[in-house]
Each structure stands twice: as structure tokens, then as C-alpha cells.
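First to last, the protein sequences are chains A and B. All letters in the first sequence, in the order written, are residues 311 to 711 by our numbering. All letters in the second sequence, in the order written, are residues 311 to 711 by our numbering. Quick reminder that beta carbons are idealized off the backbone N, C-alpha and C, glycines included. No experiment lies behind these values; they were computed from the predicted model shown. Below: one structure, written as C-alpha cells.
Number of protein chains: 2
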Amino acid sequence: MDNRQLIVEKVAQATAILQEVGVDVWLTFVRETTLSPDPTLELIAGVDVTWQSAFILSRDGRHTAIVGRYDTENVAQLGVYHQIVGYDEGIAQPLQEALARLNPATIAINYSTNDVAADGLSHGLYLALQQHLAGTPFGERLVSAEKLVAALRGRKSAAEVERVRTAVATTLQLFDEVEAFVRPGMTQRQIADFVRRRIDEMGLGYAWPKPFNPIVTCGPESAVGHAAPGDVALQKGHLLHMDLGVKQNDYCSDLQRMWYVLDDGETQAPPDVQRTFDVVYGAIKAGEAALKPGTPGWRVDEAARDFIVDNGFPEYKHAFGHLLGRVAHDGATVLGPRWERYAGICEMPVEVGNIFTLELHVVVPNRGIMSLEEDVLVTEDGVEYLGRPQTAVRIIDSHSR
Amino acid sequence: MDNRQLIVEKVAQATAILQEVGVDVWLTFVRETTLSPDPTLELIAGVDVTWQSAFILSRDGRHTAIVGRYDTENVAQLGVYHQIVGYDEGIAQPLQEALARLNPATIAINYSTNDVAADGLSHGLYLALQQHLAGTPFGERLVSAEKLVAALRGRKSAAEVERVRTAVATTLQLFDEVEAFVRPGMTQRQIADFVRRRIDEMGLGYAWPKPFNPIVTCGPESAVGHAAPGDVALQKGHLLHMDLGVKQNDYCSDLQRMWYVLDDGETQAPPDVQRTFDVVYGAIKAGEAALKPGTPGWRVDEAARDFIVDNGFPEYKHAFGHLLGRVAHDGATVLGPRWERYAGICEMPVEVGNIFTLELHVVVPNRGIMSLEEDVLVTEDGVEYLGRPQTAVRIIDSHSR
Chain A
311 MDNRQLIVEK VAQATAILQE VGVDVWLTFV RETTLSPDPT LELIAGVDVT WQSAFILSRD
371 GRHTAIVGRY DTENVAQLGV YHQIVGYDEG IAQPLQEALA RLNPATIAIN YSTNDVAADG
431 LSHGLYLALQ QHLAGTPFGE RLVSAEKLVA ALRGRKSAAE VERVRTAVAT TLQLFDEVEA
491 FVRPGMTQRQ IADFVRRRID EMGLGYAWPK PFNPIVTCGP ESAVGHAAPG DVALQKGHLL
551 HMDLGVKQND YCSDLQRMWY VLDDGETQAP PDVQRTFDVV YGAIKAGEAA LKPGTPGWRV
611 DEAARDFIVD NGFPEYKHAF GHLLGRVAHD GATVLGPRWE RYAGICEMPV EVGNIFTLEL
671 HVVVPNRGIM SLEEDVLVTE DGVEYLGRPQ TAVRIIDSHS R
Chain B
311 MDNRQLIVEK VAQATAILQE VGVDVWLTFV RETTLSPDPT LELIAGVDVT WQSAFILSRD
371 GRHTAIVGRY DTENVAQLGV YHQIVGYDEG IAQPLQEALA RLNPATIAIN YSTNDVAADG
431 LSHGLYLALQ QHLAGTPFGE RLVSAEKLVA ALRGRKSAAE VERVRTAVAT TLQLFDEVEA
491 FVRPGMTQRQ IADFVRRRID EMGLGYAWPK PFNPIVTCGP ESAVGHAAPG DVALQKGHLL
551 HMDLGVKQND YCSDLQRMWY VLDDGETQAP PDVQRTFDVV YGAIKAGEAA LKPGTPGWRV
611 DEAARDFIVD NGFPEYKHAF GHLLGRVAHD GATVLGPRWE RYAGICEMPV EVGNIFTLEL
671 HVVVPNRGIM SLEEDVLVTE DGVEYLGRPQ TAVRIIDSHS R
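Spelled out as C-alpha cells, the structure:
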């Protein structure tokens with residue numbers, strides 16, 4: 311399915327969501343989108359525009375775009391906007407006219423305190439919009455589009471799911487290549503460079519910026535989290551862990567895998583490593599069991615978090631999962647605890663068609679970071695893994711080389 | 311100069327601008343910056359962050375960053391933030407504490423109705439910031455940072471100028487390659503694909519999105535402006551025009567060149583083409599003569615626009631020039647007419663260190679689009695071209711092949 315078809319599919323979905331939610335008009339108001347992108351625009355138009363532009367989706371299906379004169383042709387080629395207005399000097403008048411024709415009781419615009427994907431409208435542009443609507447009744451009718459964005463972005467279409475599935479398959483292949491490549495003595499940087507070289511050779515993109523993708527940790531000295539790979543070398547008896555996401559055909563993967571490097575005389579992971587793996591894996595499975603349509607995100611996190619704590623490990627200081635799609639953190643519902651920074655978005659219910667990561671880590675003393683992350687699709691019945699999960703400690707055996 | 315050094319240079323410049331403008335604190339407030347980037351962050355930090363984060367520049371030089379725990383190490387590596395706070399659950403408390411220590415009378419935040427580069431704060435994040443500051447005096451002290459952003463982004467440092475100069479040199483080389491490659495019968499698409507293949511081979515980026523870069527027009531049938539290259543073929547007696555910008559080492563070029571395809575029996579451009587070139591070139595020179603520090607942008611546009619109109623051609627429906635830097639439309643001051651969509655930004659004065667495009671087009675009946683664009687640096691005395699300008703009609707002579 312080409313990109314234009316994907317836009318057609320998502321705009322049809324948006325029209326249905328407007329009817330479901332009972333909002334008359336959804337106004338995506340943008341300018342200079344290469345410098346200041348609105349995450350919603352890529353779903354409903356997939357083009358960039360230069361001057362202030364309004365993409366107006368209506369619940370009755372009459373969609374309108376008001377753009378600078380030089381951008382009209384690109385928007386027309388999409389075939390989803392029935393009326394396209396190209397202006398020269400200013401957008402205020404054509405915008406007022408378009409809204410007057412539709413006379414909506416509610417106009418949803420893209421702002422949200424909690425959901426970054428629904429917060430594409432800049433504050434200055436919000437003020438400009440209020441100026442454009444001065445003297446009309448429409449300034450009073452603006453509401454947040456956060457529910458619309460969450461539904462449109464969160465409920466993946468079949469074509470979107472297939473694209474994520476492909477990115478996941480590619481990533482699992484890269485992990486296999488890493489396992490064949492790695493040996494003790496290599497640094498985090500060498501291992502990360504190998505992966506990046508392969509990604510570049512394959513013509514793929516990165517699910518998050520290249521300097522921090524993949525994240526590679528080797529042994530107990532590696533920092534946890536979003537830091538760039540450094541000069542720590544992998545040693546026998548230590549853990550290797552990688553957090554990797556590629557972007558393929560505009561959709562992302564986000565997966566973590568871990569390996570144990572056999573020490574001299576060992577033929578399998580020692581008990582401390584094995585037991586920690588079992589608990590981390592068990593927590594993923596506990597979260598998976600709680601991941602059902604209608605469940606608020608924080609309850610899924612709680613299932614995994616309680617499993618970790620009940621087994622005597624410290625809580626992880628992040629969310630158990632996030633949505634995945636066009637970007638690694640694909641907005642809206644988060645499977646996270648009820649902390650200030652997850653306010654609102656951890657209360658949102660899981661929906662059919664959501665693609666979530668399931669992830670958590672604990673530190674194994676003197677060994678390194680034990681961390682797993684899977685990508686799963688929420689279905690009517692529960693969960694479908696979008697690629698083979700890690701179910702056992704993966705081993706790097708330097709002796710057999 | 312590496313990227314970290316560039317950040318050090320720009321943060322020092324920002325501190326001086328705070329003193330110059332008389333603002334105490336400049337707060338860049340962001341989250342999930344890969345999905346929702348603030349153009350200012352790349353100037354003062356050059357890292358991405360995940361959770362709500364505050365980058366606080368103080369006029370006394372005591373700079374503070376408050377970021378999620380997992381992002382602290384990347385920020386520390388910059389070496390420009392003296393205090394770095396990593397938080398787990400929420401930013402409100404550490405943010406209030408940091409502001410209480412500084413007790414600023416004014417806090418500039420990144421919003422602007424007119425300047426997209428100064429408008430990186432989303433509306434939802436603005437509302438979240440107001441919530442975080444509730445119960446403190448600081449919510450009342452927020453002002454627009456647009457003057458700060460315009461100065462910091464607009465006044466290019468020596469290292470930034472060198473990067474643009476390099477991108478311009480590369481682009482001029484690509485135009486030479488185009489001239490050697492093109493012959494009548496080739497379509498816009500074939501010519502654009504040639505350029506994109508070369509850009510990809512050279513490992514360069516695009517100053518604006520690849521589907522619309524380069525813009526190629528062939529003869530009178532081509533649409534003007536931002537449209538993607540299509541299937542119109544180049545013919546003898548027609549004009550070829552290309553608008554191309556590359557991104558090299560994070561900085562952009564944005565140039566236009568034009569060629570005339572000799573018709574049978576011709577040895578030079580015919581009078582209608584030559585006369586139109588002379589007027590377009592003359593308008594560029596008229597604008598250049600008006601481009602001096604302290605002049606408001608609209609006066610520079612007026613000089614070029616009047617020249618065109620005085621010579622009997624219709625006004626171009628766009629601005630004569632825009633700033634150029636990390637992106638093709640690098641925010642702030644525009645050399646544009648006093649139309650609604652240039653409100654505010656066309657009143658801003660030209661400053662030493664600004665890099666502007668100078669560009670305009672007219673249509674030559676039955677021939678195509680005559681358009682030129684140059685990239686120039688504003689100096690104390692006037693203007694320095696960052697690459698050899700086009701001063702004559704370039705010729706494609708299919709007979710000599």
C-alpha cells in the first residue's frame with residue numbers, strides 16, 4: 311500500500327472517529343511544517359506546507375484544505391480534500407469563510423497538556439488562530455482534539471500494523487547479526503557502530519536519533535538509559551544489552567535484547583543471571599496478561615511492577631510500555647504508573663489496534679543490565695506479538711569461536 | 311568545529327543577548343523532542359530529551375537543565391549547563407526550585423505569533439507550564455522570547471557561516487553537473503532523480519523534503535512553486551529552472567539557477583529571454599543594494615519588487631528573501647511585503663551576521679519560468695555572496711553534444 315492510500319485510509323478513519331466522538335470539525339492548523347511539524351499532519355495529509363495552513367476534517371465528510379497558493383497542487387494530489395483553497399496574502403478570510411460554511415458547534419484543535427502527539431499546535435499559532443477568528447463565534451468553540459488524535463493515531467490500520475511488523479522482523483534479524491558479530495573485548499561503541507553501519511547499508515531509518523540508537527550497555531559500568539554508547543568493553547561474565555529501533559517505510563520498531571557472555575568454564579548462565587531473567591520475563595508476561603481492551607494503562611504497568619517488587623527487585627523508574635508507530639514514542643496511552651509525568655495518559659484505556667512496547671529492566675549486581683522489550687498488537691482477545699519474543703537468556707560463547 | 315563546540319559558542323552568544331535585551335532568564339521548555347522539536351533546542355543543547363525538560367539560560371551565566379533522569383548524562387556531556395537536575399516523577403518541584411534560586415523578573419519562553427523559529431513551545435506544554443508554576447509569582451513573569459530567538463538564530467557565528475558556505479559550494483557543483491547531464495527530451499522527474507541520486511551518493515541531506523527537492527520546471531507547462539517534479543519534458547526554446555537546497559553538516563543551502571535550451575539555428579538566448587533575465591538579475595541587484603544592517607526587511611523586498619514592476623512585469627507573490635541556516639526557512643526576519651502573512655517579521659531589521667536568500671521569478675510567455683536565488687551574508691558594509699552568483703543566462707546547447 312502506498313503512502314497516498316495510507317492517507318486515504320486514515321482520513322476515512324478520522325471521519326468515523328469524528329462521528330463516534332460527536333465533534334463537528336477537526337482543525338489541524340500549521341505552518342512551516344518542516345521546521346515545526348504537527349504529528350497529526352503526517353496522518354491526514356503527509357505533505358509539508360509553508361505558510362499558515364488549515365486542514366479541516368468534517369464529520370459529514372466534506373473536508374477542506376486552506377494552504378498557500380504554491381502548496382495547493384501537492385494537497386490536490388492526495389485526493390482527500392474536496393475543497394482546496396490557495397491564498398496569497400493571508401489565511402484569516404478564507405478560514406472564516408470555510409468555517410462559516412460548515413458552522414460547527416465544536417472545533418477540535420491539536421493541543422494537549424498530556425499527550426505530545428496531540429499537541430502539535432504551537433502556542434504562538436494558537437494565539438494567531440484566536441486573532442484570525444476574532445469577531446466570529448468560532449473562537450469560543452475550540453476544544454482539545456486529544457481524544458481524536460489518540461484514537462486516530464492509536465488504532466493502527468491493517469496497513470500500519472504490517473509496516474510495524476516488517477520493521478520488527480528487520481530488527482530481530484539485526485539482533486541475530488549482533489550475536490554473530492560480538493565477542494569479549496569489544497566496546498559499546500564498536501558494537502553500536504556495527505549496527506548503525508548495517509542500518510545505513512540497508513537504507514533504513516532510525517526510530518530515534520542515531521547518536522543514541524542503538525543503546526548498548528556492557529556490564530555493570532554502563533549507565534542506564536538514554537545515554538550514547540561509550541568505551542566500556544564487554545567482558546566475560548557480564549551482560550550485553552541492546553535497545554534498538556529502526557524506521558522502515560515510515561514505521562518503527564523498538565525492541566530490547568540481552569545476552570550473557572559465558573565466563574571461563576561456564577556452559578550456561580549462572581544462577582543470579584538466570585533467576586533475574588526469569589523475573590524480568592515473568593513481569594513482561596504478567597503485563598501481557600493484563601493488556602486487554604478497556605483496561606487503563608496504569609493497571610497494565612501495575613501488573614508488571616508488582617511482579618518485580620513481589621520478587622524482591624526494585625521498581626523500574628519508567629513506564630512499562632508506550633505506543634509505537636510512526637515514531638518510537640507514538641503518543642497517547644502509556645502503560646505507566648500514576649506519576650505526575652504520566653498524568654492523564656496513564657488513565658487512558660487500551661484499545662484494539664494499539665501497538666505497545668512491553669519493557670522493563672533490573673540491574674544484576676556485578677553483571678550489568680537485564681532488560682527486555684517486546685512489540686505487541688492489542689486484539690479483541692488479548693495480545694499478538696509482532697515478532698518472536700525473547701524467552702530465554704541468549705548466550706555469547708567466546709570459547710566456541 | 312565539532313557540534314559540541316558550536317553549542318558552546320551559541321550558548322555564550324545567548325548569554326550576551328540576554329544581557330543586551332535585558333531579560334533575566336530564557337526558559338526552553340520541551341518534551342519528546344524527536345516528535346515535538348523546538349527549533350531553539352538544537353542551538354542551545356543539540357540533544358533530544360524524552361520527558362518534560364527545562365533548559366534555563368540566565369543572564370548571569372548560571373545555566374540550569376532539568377531533565378528526566380535518563381537524559382542527564384547526555385546533557386552533562388555538553389559542558390554548558392552548570393547545574394543539571396535529573397528527576398523521576400515530575401518536573402514541577404525542581405522547576406519551581408530552580409526559578410526560586412534565580413528569582414528572575416522576566417522569563418522568556420519560546421512562543422511567537424509571527425516567527426515560527428521562535429514558536430517551539432506547544433500550546434499544551436504552555437498550559438502545563440502554567441500549572442507547574444501555579445502558586446508561584448513566576449507564571450506572571452512569562453514573556454515571548456522572540457527577540458532572543460531572532461538574534462541567536464539570525465546572527466550566524468563564524469563557524470555557522472562556514473558551514474553554509476560549504477553547502478552552497480556543493481550546490482553550485484551540483485548545478486554544473488546538471489548542466490552537463492541535461493538534454494532536450496528529459497522530463498522534470500528524470501532531471502530531479504539525477505540530482506537526488508547524486509545527493510544520496512554524496513551522503514548529504516536535504517534542505518527541505520526530498521519529494522519536493524529539487525523543484526524542476528521545464529517550459530511553460532510547469533507549475534510554479536512547491537510542487538513535485540512531473541512528466542513534462544524539456545524542449546528546445548524552453549527554460550529549465552531548478553530550486554535546490556542541500557543540508558551538509560547540519561546547515562543548508564537554498565539556490566535557484568536557470569538555463570535556456572537553444573533552439574535550432576540559435577547561438578544565444580533570444581531577446582525575450584535575455585531581456586527577462588536582465589530584469590530578474592537587476593531586481594536581485596536592486597534588493598542587494600538595499601540590504602544593509604538596520605533596514606527593515608520590507609524595504610529590501612520593496613527595492614526588488616519596484617524594479618520588477620517598473621520594468622513592466624507582474625509582482626512575484628512571495629517574499630524576496632528569507633533567513634537560511636539549519637533549515638531553508640530559518641525563521642525570523644523576512645525580506646517580504648507588508649502582507650498579513652508576513653506581519654511583524656517583515657518589519658524586523660536586517661542584522662550583521664544574517665544569511666539571506668535573494669530570490670524572485672517572472673514567467674516568460676511560451677518559454678517557462680525565469681527564477682534566480684542567491685545566498686548572501688550581511689556584513690558591516692553590505693553583502694557577501696556565499697557562492698558565485700548567476701550573472702548571465704546559462705545555455706544548454708544540444709547541438710554540440
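For this session: For D398 of chain B, go through chain A and note every residue whose CB falls closer than 7 Å to its CB, in chain order.
Result: On the second sequence, position 88 is the one that residue 398 of chain B refers to. In chain order: K627.
Exercise. Are there 16 or more other CB atoms within 10 angstroms of the CB of A355 of chain B, so buried, or fewer, so exposed?
Worked result: Here residue 355 of chain B is taken as the residue at index 45 of the second sequence, counted from 1. Classification for A355 of chain B: buried.
Problem set entry | Contacting positions in the stretch 549–578 of chain B - beta carbon closer than 9 Å to chain A | none
Exercise. Tell me, which residues are paired with C283 of chain A by DSSP?
Worked result: Only positions 311 to 711 of chain A appear in this structure, which leaves residue 283 of chain A out of reach.
For this session: Closer than 7 Å by C-beta to T605 of chain A: which residues in its own chain qualify, once you throw out the five before and the five after it? Chain order, please.
Result: In the first sequence, the residue the question calls residue 605 of chain A occupies position 295. Taken in chain order, the residues that qualify are P659, V660.
For this session: Report the neighbours of V426 of chain A on chain B: residues whose CB is nearer than 9 Å to its CB, in chain order.
Result: Along the first sequence, one-based indexing puts residue 426 of chain A at 116. Correct list: R341, E342, L345, S346, S432, G434, L435.
For this session: Mind reading off the beta-carbon distance from V693 of chain B to E598 of chain B? Whole number of angstroms is fine, and I expect it under 8 Å.
Result: Counted from its first residue, the second sequence places residue 693 of chain B at position 383. Counted from its first residue, the second sequence places residue 598 of chain B at position 288. That pair is a contact at about 5 Å.
Exercise. Secondary structure at S708 of chain A, three-state DSSP: helix, strand or coil?
Worked result: Taking the first sequence and counting its residues from 1, one reaches residue 708 of chain A at position 398. Of the three classes helix, strand and coil, the one that applies to S708 of chain A here is helix, per DSSP.
Problem set entry | Nearest to H628 of chain A (by Cα), restricted to the options A:P647, A:F617, A:V610 | Here residue 628 of chain A is taken as the residue at index 318 of the first sequence, counted from 1. The shortest Cα separation from H628 of chain A among A:P647, A:F617, A:V610 belongs to A:P647.
Exercise. In this structure, does DSSP put Y421 of chain A in helix, strand or coil?
Worked result: The residue labelled residue 421 of chain A in the question sits at position 111 within the first sequence. In the structure shown, Y421 of chain A sits in coil (DSSP, three-state: anything other than H, G, I, E or B).
Exercise. Using a Cβ-Cβ cut-off of 6 Å (strictly less than) and excluding sequence neighbours within five positions of H442 of chain B, which residues of its own chain qualify?
Worked result: Residue numbering aside, residue 442 of chain B sits at position 132 when the second sequence is read from its first letter. Hits under 6 Å: A402, L405.
Problem set entry | Rounded C-alpha distance that separates L601 of chain A from L696 of chain A | Here residue 601 of chain A refers to the residue found at position 291 when the first sequence is read from its first residue. Here residue 696 of chain A refers to the residue found at position 386 when the first sequence is read from its first residue. Cα-Cα distance, rounded: 15 Å.
For this session: Just confirm the distance between the C-beta atoms of W518 of chain B and T382 of chain A, as a whole number of angstroms; I'd bet it's less than 8 Å.
Result: Start at 1 with the first residue of the second sequence, and residue 518 of chain B comes out as number 208. Start at 1 with the first residue of the first sequence, and residue 382 of chain A comes out as number 72. Not a contact, Cβ separation roughly 17 Å.
Exercise. If you draw a straight line from the C-alpha of L634 of chain B to the C-alpha of D685 of chain B, how long is it?
Worked result: Working through the second sequence from its first residue, we reach residue 634 of chain B at position 324. Working through the second sequence from its first residue, we reach residue 685 of chain B at position 375. Going from the Cα of L634 of chain B to the Cα of D685 of chain B covers about 8 Å.
Exercise. Does E650 of chain B get closer than 8 Å to chain A when you measure Cβ to Cβ?
Worked result: Mapped onto the second sequence, residue 650 of chain B falls at position 340. Yes, E650 of chain B counts as interfacial toward chain A.
Exercise. I679 of chain B bridges to which residues according to DSSP?
Worked result: Residue mapping note: residue 679 of chain B aligns to position 369 of the second sequence, counting from 1. Its beta-bridge partners are B:V673.
Exercise. Considering only residues of the same chain and omitting the five flanking positions on each side of V395 of chain B, which have a CB-CB separation below 6 Å?
Worked result: In the second sequence, the residue the question calls residue 395 of chain B occupies position 85. Excluding residues within five positions, the ones whose Cβ falls inside 6 Å are I376, P404.
Exercise. Taking C-alpha atoms, which residue in A:G540, A:Q545, A:Q566 lies nearest to D574 of chain A?
Worked result: Residue 574 of chain A sits at position 264 when you count from the first residue of the first sequence. When only C-alpha atoms are compared, the closest one is A:Q545.
Problem set entry | Minimum length 4: unbroken alpha helix (DSSP H) runs contained in the stretch 599–659 of chain B | 607–620
Exercise. Going along the chain, which residues of its own chain have a beta-carbon closer than 6 Å to the beta-carbon of A418 of chain B, five neighbours each way excluded?
Worked result: For this step, residue 418 of chain B is matched to residue 108 along the second sequence. Around A418 of chain B: V333, W336, V453, A455, L458.
Exercise. Which residues in the same chain have their Cβ closer than 8 Å to the Cβ of V662 of chain B, if we skip the five residues on either side of it in sequence?
Worked result: Residue numbering aside, residue 662 of chain B sits at position 352 when the second sequence is read from its first letter. Contacts found: R465, P603, V688, T689, E690.
Exercise. Between the stretch 347–370 of chain B and chain A, which residues of the former have a C-beta closer than 7 Å to a C-beta of the latter?
Worked result: P349, D358, T360, W361, Q362
Exercise. Which value, in whole angstroms, describes the spacing of the CA atoms of A502 of chain B and D616 of chain A?
Worked result: Here residue 502 of chain B refers to the residue found at position 192 when the second sequence is read from its first residue. Here residue 616 of chain A refers to the residue found at position 306 when the first sequence is read from its first residue. C-alpha separation (whole angstroms): 57 Å.
Exercise. What in chain A is Cβ-close to S422 of chain B, meaning under 8 Å?
Worked result: One-based indexing of the second sequence puts residue 422 of chain B at position 112. G434, listed in chain order.
Problem set entry | Under 8 Å between C-beta atoms of T360 of chain B and G371 of chain B | On the second sequence, position 50 is the one that residue 360 of chain B refers to. On the second sequence, position 61 is the one that residue 371 of chain B refers to. No, the pair does not count as a contact, with Cβ atoms beyond the cut-off.
Problem set entry | 8 Å Cβ cutoff, H639 of chain A in contact with chain D | Judged by its chain identifiers, the structure shown contains no chain D, and its protein chains are A and B.
Exercise. Which residues in the same chain as D640 of chain B place their Cβ atom closer than 6 Å to its Cβ, once the five residues preceding and following it in sequence are excluded?
Worked result: Counting from 1 along the second sequence, the entry for residue 640 of chain B is found at position 330. Within the same chain, D640 of chain B has close Cβ partners L633, L634.
Exercise. On the premise that H433 of chain A lies in contact with D425 of chain B, defined as a C-beta separation below 8 Å, what is that separation, rounded to the nearest angstrom?
Worked result: As a first step, residue 425 of chain B must be located in the second sequence, where it is residue number 115. As a first step, residue 433 of chain A must be located in the first sequence, where it is residue number 123. So it is not a contact: roughly 12 Å between Cβ atoms.
Problem set entry | Cβ-based burial, T338 of chain A [other Cβ within 10 Å; buried from 16] | If you number the first sequence from 1, residue 338 of chain A lands on position 28. The residue is buried, with at least 16 neighbouring Cβ atoms inside 10 Å.
Problem set entry | Residues of its chain near A326 of chain B, where Cβ-Cβ distance is below 8 Å and the 5 sequence neighbours each way are ignored | On the second sequence, position 16 is the one that residue 326 of chain B refers to. The answer is none, since no qualifying residue turns up.
Exercise. How big is the Cα-Cα spacing for A543 of chain A and T667 of chain A?
Worked result: Position 233 of the first sequence, counted from the first residue, corresponds to residue 543 of chain A. Position 357 of the first sequence, counted from the first residue, corresponds to residue 667 of chain A. Near 29 Å, if we compare the C-alpha coordinates of T667 of chain A and A543 of chain A.
Exercise. What number of angstroms, rounded off, separates the C-alpha of D620 of chain B from the C-alpha of A593 of chain B?
Worked result: Within the second sequence, numbered from 1, the residue matching residue 620 of chain B stands at position 310. Within the second sequence, numbered from 1, the residue matching residue 593 of chain B stands at position 283. Cα to Cα, D620 of chain B sits roughly 10 Å from A593 of chain B.
For this session: Given a cut-off of 8 Å, decide if V321 of chain B and L367 of chain B are closer than it, judged by their beta-carbon atoms.
Result: Here residue 367 of chain B is taken as the residue at index 57 of the second sequence, counted from 1. Here residue 321 of chain B is taken as the residue at index 11 of the second sequence, counted from 1. Against a cut-off of 8 Å, the Cβ pair of V321 of chain B and L367 of chain B comes out as a contact.
For this session: Check each residue of the stretch 320–336 of chain A: if its Cβ is closer than 8 Å to any Cβ of chain B, include it; give the result in chain order.
Result: none
Problem set entry | Where Q498 of chain B sits in the DSSP three-state scheme | Residue 498 of chain B sits at position 188 when you count from the first residue of the second sequence. The answer is helix: DSSP assigns Q498 of chain B an H, G or I state.
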